[in-house]
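K.L.:
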Amino acid sequence: MGETKRRRDEYAEATRNAIVEAARDLFSTGGYAKTSLDDIADHARVTKGAIYHHFANKRAVFEAVLADVDQRFIERVRQEIGATASGWDALSSALNAYLDAALDTAFCEMALKEGPIALGWQRWRETQEHVAQHFTDLVKERCMDEFVREMPSALLMNSIIGALHEMALAVSNSPNPQQARKEASALIGELVESIRVPRSARPG
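Quick note, the numbering used here runs 263 ahead of the 1-based positions in the sequence shown.
Set out below in structure tokens:
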């Protein structure tokens, strides 16, 4: 009985993963509005009934896709920060990881463009606040306290993340994304440099 349940659970998980992967591909290339559950079922090679077994509707599928894309983004930033020393290098890596993510089709389409359409502005903001909090925690852990002037950290990070969000959209919509990404990185670097504590002004 236990072995049968284990295999059933593994099959259910594999089916759900296939649905999410297929939906991610279709949403990121064709858009949320133009993608149907039938399209997702065909792409995932499952029945439409299998989709309804795991998800209530297309919006629920999108939320699962967005959660997966957001988690991949968080892990990417975490790895980038972990590969550098603490302080300014870590902060620069975090910002560049965000901007680089704008060049990733799945992240760009799901997190930045399709999210408000599929979920509505309020629900989309709620999902992205979770991502923003993870990003803020990572930055504060490695460099915020030592390298940034004293000011309300929540307001500061929300302002930086808002700027990054707009920069990411500009990069993704540019006819020359690589050049736009380079320009955005330089601009964000100047923004953050302006709130960095000068070495001569640090206590001790």
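Using N, Cα and C, we set each Cβ at its ideal position, and we do this for glycine too.
All of these numbers come straight from a predicted model, not from anything done at the bench.
For residue 361, is the classification buried or exposed, using 16 other Cβ atoms within 10 angstroms of its Cβ as the cut-off for buried?
P.N.:
The residue is buried, with at least 16 neighbouring Cβ atoms inside 10 Å.
K.L.:
Quick one: Cα of residue 317 to Cα of residue 266, how far?
P.N.:
If you take the alpha carbons of residue 317 and residue 266, they lie about 22 angstroms apart.
K.L.:
Can you tell me the Cα-Cα spacing of residue 284 and residue 458, whole angstroms?
P.N.:
Roughly 40 angstroms separates the two Cα atoms.
K.L.:
Between 424, 391, 389, which has its C-alpha nearest residue 402's C-alpha?
P.N.:
Of the listed residues, the one whose Cα sits closest to residue 402 is 424.
K.L.:
Comparing alpha-carbon positions, which option in 398, 358, 320, 386 lies nearest residue 456?
P.N.:
Nearest of 398, 358, 320, 386 to residue 456, Cα basis: 358.
K.L.:
Considering only the beta carbon of each residue, do residue 429 and residue 382 sit closer than 8 angstroms?
P.N.:
Going by C-beta atoms, residue 429 is not nearer than 8 angstroms to residue 382.
K.L.:
Which of the three DSSP states, helix, strand or coil, is assigned to residue 459?
P.N.:
Strand, per DSSP.
K.L.:
Alpha carbon to alpha carbon, how far is residue 377 from residue 437? Give it in angstroms, no decimals.
P.N.:
Rounded to the nearest angstrom, the two C-alpha atoms are 17 angstroms apart.
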